[in-house]
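Asker:
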Amino acid sequence: MTLLTAAGVTKRYPAARRHPLGRRPVRTVLDAVDLAVSAGERLGIVGGSGAGKSTLLRLLLAVEAPDAGEVRFRGRLLRPAAPGRLRWFRREVQFVAQDPYAAFSPRMTVRDVVSEPLRCLRVPGDHPRRIDESLRAVQLDPALASRLPSTLSGGQRQRLALARALAPRPAVLVADEPISALDAPVRVAVLDLLREVTVATGSALVLVAHDLAAVRRACTRVVVLDQGRVVESGPVDQVFRTPRSAAARNLIEAIPRLPSGVTR
Amino acid sequence: MTGRPHRLGRVGALACAVGALTVVVAALPWLRGDDPARSVLRARLEDREIDPAALAAVRSELHLAGNPLQGAADWLIAAARGDFGTSWVAGVPVRDLLLPAAGASASLAAAASVVAVVVGVALVAPVAWALSGERRSPGRCARGVRVAGAVVAALSEVALAAALLILVGVRWRLVPVAGWFGPSYMLLPALALGVPTGGLFARLVVIAADVTAEEPWVRTWRAVGCGRITLTAGIVRRAVTVAVPQVAVLFAGLLGGAVVVEQMFAVPGLGRLSLQAALAQDLPVVQGCVLTLVLAGTAAGASGIVAQRVMLGAAGAAATLVPAAPARSLRPRRRTPLVMAAVLTAPILAGLLRDPHGVRLEQRLSVPSWAYPLGTDPVGRDVLARFGHGAVLTIGLAAAVTAAGLLVGLVVGLRGSAARVGVVDILNALPFVLIGLTIAAVLGPGLVSAAISAALVACVPIVVHTRSLAAEVRASGYHQAAVLAGAGAGWILRRHLLPAVIGPVLAYAVTRVPSTALAIAALGFLGIGAGHDTPEWGAELSVALDYLERAPTLAAAPVLGLILLGVLAGFAPAELGQRPAD
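Order-wise, the sequence lines are chains A and B.
At position 159 of the first sequence (counting the first as 1) the number is 159 in the UniProt record's numbering, and the numbers step up by one without a gap.
At position 153 of the second sequence (counting the first as 1) the number is 153 in the UniProt record's numbering, and the numbers step up by one without a gap.
1. Using the Cα positions of residue 458 of chain B and residue 58 of chain B, report the straight-line distance between them to the nearest angstrom.
2. Between which two residues does the alpha helix (DSSP H) containing residue 164 of chain A stretch?
3. Work out the CA separation of residue 434 of chain B and residue 5 of chain A for me, nearest whole Å.
4. Assign residue 129 of chain B to buried or exposed, taking buried as 16 or more other Cβ atoms, counted over all protein chains shown, within 10 Å of its Cβ.
5. So with Cβ pairs under 8 Å, would you call residue 67 of chain A a contact of chain B?
6. Which residue's Cα is closest to the Cα of residue 404 of chain B: B:174, B:452, B:389?
7. Using 8 Å as the limit for Cβ to Cβ distance, is residue 485 of chain B near chain A?
8. Give a yes or no on whether the minimum CB-CB distance between residue 120 of chain A and chain B is below 8 Å.
9. Please say whether residue 98 of chain A and residue 180 of chain A have beta carbons closer to each other than 8 Å?
10. Return the Cβ separation of residue 80 of chain A and residue 121 of chain A in integer angstroms, given the expectation that the two are a contact with Cβ distance under 8 Å.
11. Which residues, in chain order, does the segment 490-501 of chain B contribute to contact with chain A at a C-beta distance below 8 Å?
12. Taking Cβ positions only, does residue 84 of chain A come closer than 8 Å to chain B?
13. Taking the alpha-carbon of residue 338 of chain B as reference, which of B:475, B:24, B:569 has the nearest alpha-carbon?
14. With distances taken Cα to Cα, identify the nearest neighbour of residue 222 of chain A among A:203, A:157, A:196, A:252.
15. So is residue 1 of chain A buried or exposed if we call it buried at 16+ other beta carbons inside 10 Å?
16. Would you report the Cα separation of residue 363 of chain B and residue 380 of chain B, rounded to the nearest angstrom?
17. For residue 541 of chain B and residue 169 of chain B, I'd like the C-alpha separation in whole angstroms.
18. Excluding five sequence neighbours on each side, which residues of the same chain lie with their C-beta closer than 6 Å to the C-beta of residue 351 of chain B?
19. So that I know if they touch, is there some Cβ in chain A lying closer than 8 Å to that of residue 477 of chain B?
20. Look at the alpha carbon of residue 201 of chain B and the alpha carbon of residue 378 of chain B, and state the distance between them as a whole number of angstroms.
21. Under three-state DSSP, which class holds residue 129 of chain A?
22. Give me, in chain order, the residues of the same chain whose beta-carbon lies closer than 7 Å to that of residue 544 of chain B; leave out the 5 immediate sequence neighbours on both sides.
23. Determine whether the Cβ of residue 116 of chain A lies closer than 8 Å to any Cβ atom of chain B.
24. In terms of residues, what are the limits of the beta strand (DSSP E) holding residue 513 of chain B?
25. Tell me whether the segment 466-478 of chain B and the segment 97-117 of chain A touch, counting them as touching only if at least three CB pairs, one residue from each stretch, are closer than 8 Å.
26. Does DSSP put residue 255 of chain A in a helix, a strand or coil?
27. Apart from the five residues just before and just after residue 92 of chain A, which ones in its own chain have a Cβ nearer than 6 Å to its Cβ?
28. Consult DSSP for residue 371 of chain B and reduce its assignment to one of helix, strand or coil.
29. What does the Cβ neighbour count give for residue 382 of chain B, buried or exposed, with the cut at 16 atoms within 10 Å?
30. Quick one: which chain B residues come within Cβ less than 7 Å of residue 105 of chain A?
31. Mind listing the chain B neighbours of residue 78 of chain A? Cutoff is C-beta to C-beta under 9 Å, in chain order.
32. List the residues that DSSP assigns as beta-bridge partners of residue 226 of chain A.
33. From residue 37 of chain A to residue 242 of chain A, what does the alpha carbon distance come to, in whole angstroms?
34. To the nearest angstrom, report how far apart residue 89 of chain B and residue 25 of chain B are at their CA atoms.
35. Give the C-beta separation of residue 44 of chain A and residue 219 of chain A to the nearest angstrom, bearing in mind that I take them to be a contact with Cβ-Cβ under 8 Å.
36. Taking the alpha helix (DSSP H) that residue 35 of chain A falls in, what are its first and last residues?
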């Protein structure tokens with residue numbers, strides 16, 4: 001079943017004026033992008049800087065409205081609105097923050113962090129149990145619940161961000177570059193965890209990354225963005241093995257590899 | 001994920017605020033709540049009977065409109081043509097009073113600017129030199145210069161002007177002290193006005209230089225073997241560029257903030273003119289002065305922003321370079337402010353135990369003795385007692401006013417972008433004394449007027465500080481995460497904004513108490529705050545200056561008190577205003 005769809009979404013931003021009195025030029029950041037996320041699917045969105053990944057994410061999360069086209073969730077049209085009117089949507093689509101070092105209030109404990117979406121979204125049920133469940137699902141010890149996030153390691157914080165997103169049991173998890181602030185070994189662990197958790201809970205995953213290798217590790221399908229357009233999409237292995245677009249080839253070449261003949 | 005404020009919106013809001021202020025100024029005669037013609041007669045005739053015929057005569061003579069809207073509109077139209085009406089007291093066109101006064105103020109401001117730049121360069125150069133060096137920790141000399149800068153910046157104009165007047169003018173008789181008859185008359189007022197401004201200027205630039213020295217290009221320049229002089233010049237240039245808009249506002253303050261100095265040295269400038277007009281309730285003159293000063297301030301502020309854009313280019317100006325709020329000030333030894341607070345508190349406590357009102361005419365103007373450690377005033381009252389009770393009044397009022405300002409500051413500062421520009425920024429750029437003058441002109445002089453204007457001014461930096469802290473929270477990842485977790489405005493206010501803001505803002509408000517006390521004292525000195533019989537430092541100083549020749553020690557207590565208070569105000573942010581590292 002298709003959950004989240006974008007049809008022909010276009011977004012333009014005013015660019016900087018060339019001179020103080022001149023007309024403000026317009027930059028098209030997204031140009032007629034189509035996208036569909038089905039239940040349980042793991043979709044990667046990749047592209048270089050300025051490809052429009054973050055903008056697409058903002059549209060998919062109903063933070064901003066597209067200038068043309070539409071975004072729907074379960075067939076319902078999405079527009080930015082007051083928090084109360086989007087509660088139905090936020091319960092089903094949760095966000096995993098990019099920078100685990102900035103994603104938590106320095107004054108809230110781990111328990112407060114995970115309970116925030118439960119309370120704000122008025123999720124019914126036993127909250128303490130859900131908090132425990134979410135922490136266990138990301139392999140965090142529930143005994144950490146009374147600690148402050150600042151006492152956790154980078155990998156633990158990223159797990160906490162994931163636990164917060166999982167708490168309302170969403171149908172779709174949206175992750176924006178969830179590994180860009182982490183060390184290499186922790187990255188692999190977080191990507192594996194994202195994959196395992198979504199498999200276990202049955203929720204879909206939308207993973208935004210500039211790194212095709214990360215997407216390959218966690219996702220099944222990939223969409224390649226370049227200068228605001230979808231230039232390629234398909235199963236991740238197929239795009240990886242036989243890229244058809246220049247953008248995809250560039251992204252594959254950008255993956256660091258050990259030169260052949262080097263032994264550890 | 002927040003939208004950038006639209007530039008047209010900013011300019012529009014600023015224009016609206018200036019427009020609204022102009023309308024308020026235009027409506028001043030009607031804001032007092034009684035017939036302007038009656039005010040005119042009262043201003044001219046003092047206590048005599050007012051009959052309807054005289055009222056009608058005044059109305060037709062001054063072309064006073066019957067209602068405020070018509071009156072404000074008439075005044076604005078005339079003011080746009082350069083006609084500011086007729087003085088109610090002197091009966092001459094306001095323009096004829098304004099022009100020479102503006103000339104005197106402008107030359108005083110120019111002289112003070114020169115002083116400020118000299119002081120500023122002297123204070124900035126050693127710090128920048130130290131910053132360009134390889135060592136991470138600055139040397140003792142640079143540290144000393146920093147402390148000196150903080151002290152100079154913290155000097156209150158009232159206290160410095162009085163000290164200069166007493167020592168240089170009266171004691172040593174080096175230069176003339178009152179009047180405006182030649183360059184030598186300009187020296188003391190220019191020093192009194194320019195030195196604190198120079199200190200503030202240096203402080204702004206040093207804060208910017210500290211940030212600049214951390215920028216990567218400094219390391220690069222050093223690595224390629226750039227000379228130390230070149231590097232110092234580079235740091236200063238960039239720091240000045242960053243601080244330029246604030247510096248422009250500072251220099252605008254030289255024009256409008258000169259009321260105290262002009263009054264003390266009898267300089268016939270705009271400040272003195274507006275003060276006398278406010279005391280005489282001569283509203284057309286107040287209107288003309290306020291409008292002139294507001295326009296000059298706005299022009300200076302705008303030219304500062306334009307200058308920064310020209311110096312940085314569009315890309316540089318768009319980026320936020322340095323926090324506008326006093327983010328970091330120097331951290332002296334913890335002991336210094338504590339010692340000063342103790343030095344200040346001891347005589348206050350001693351004075352509180354004594355009687356400030358007992359009049360002993362046979363003991364008037366006596367020199368310090370065991371019985372009266374600070375001597376007696378012109379009617380034989382105990383100066384030490386009045387010092388102590390005055391401190392309670394001045395500082396207590398300042399504390400109350402700051403508490404009110406804290407509430408207003410939180411409410412306004414936590415509101416979103418609507419509060420970003422407008423009234424607050426205008427109030428921020430207006431010299432404090434000018435606001436006090438305007439309010440005194442409307443409500444009449446007194447402690448209530450002083451408290452209201454102090455509250456208006458005290459809440460401004462708190463609003464600005466709250467706003468910048470709240471903006472930091474709104475830009476944070478956890479704010480974004482909360483929004484995407486479905487948090488509403490109430491939740492974000494309760495759980496994220498208030499907890500992040502309340503502690504630092506409270507601490508900041510406490511640090512503002514001394515400077516608010518100084519402001520209240522300045523109004524008291526000018527005669528638009530506490531009455532002359534009230535034991536209040538500013539009022540005391542004003543009385544003491546009348547007896548400078550006969551009893552020079554009389555002024556010492558309030559002057560030293562104000563200087564200590566000012567230095568405390570300068571040190572306080574370092575002690576309390578620091579935000580705990582997250």
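We treat Cβ as the ideally placed atom computed from N, Cα and C, and that holds for glycine.
Answerer: In brief:
1. 39 Å
2. Going by DSSP, residue 164 of chain A is part of the alpha helix (DSSP H) stretching over 154-166.
3. 60 Å
4. Burial state of residue 129 of chain B is buried, judged by a 10 Å Cβ sphere holding 16 or more other Cβ atoms.
5. no
6. B:452
7. yes
8. yes
9. yes
10. With 8 Å as the limit, residue 80 of chain A and residue 121 of chain A do not qualify as a contact, their Cβ atoms being about 17 Å apart.
11. 491, 495, 496, 499, 500
12. yes
13. The shortest Cα separation from residue 338 of chain B among B:475, B:24, B:569 belongs to B:569.
14. A:252
15. Of the other Cβ atoms in all chains shown, fewer than 16 fall within 10 Å of the Cβ of residue 1 of chain A; this residue is therefore exposed.
16. 5 Å
17. 16 Å
18. 384, 385, 387, 388
19. At least one C-beta of chain A is nearer than 8 Å to the C-beta of residue 477 of chain B.
20. 39 Å
21. helix
22. 554, 555, 558
23. Chain B contact via Cβ: present.
24. Careful: residue 513 of chain B lies outside any beta strand (DSSP E), inside the alpha helix (DSSP H) at 498-526.
25. yes
26. coil
27. 170, 171
28. coil
29. buried
30. 478, 496
31. By Cβ distance, chain B contributes nothing, its closest Cβ being about 13 Å from residue 78 of chain A, past 9 Å.
32. According to DSSP, which records beta bridges pairwise, residue 226 of chain A is partnered with A:229.
33. 23 Å
34. A straight line joining the alpha-carbon of residue 89 of chain B with that of residue 25 of chain B spans about 19 Å.
35. 4 Å
36. No alpha helix (DSSP H) contains residue 35 of chain A, which is instead part of the beta strand (DSSP E) from 26-38.
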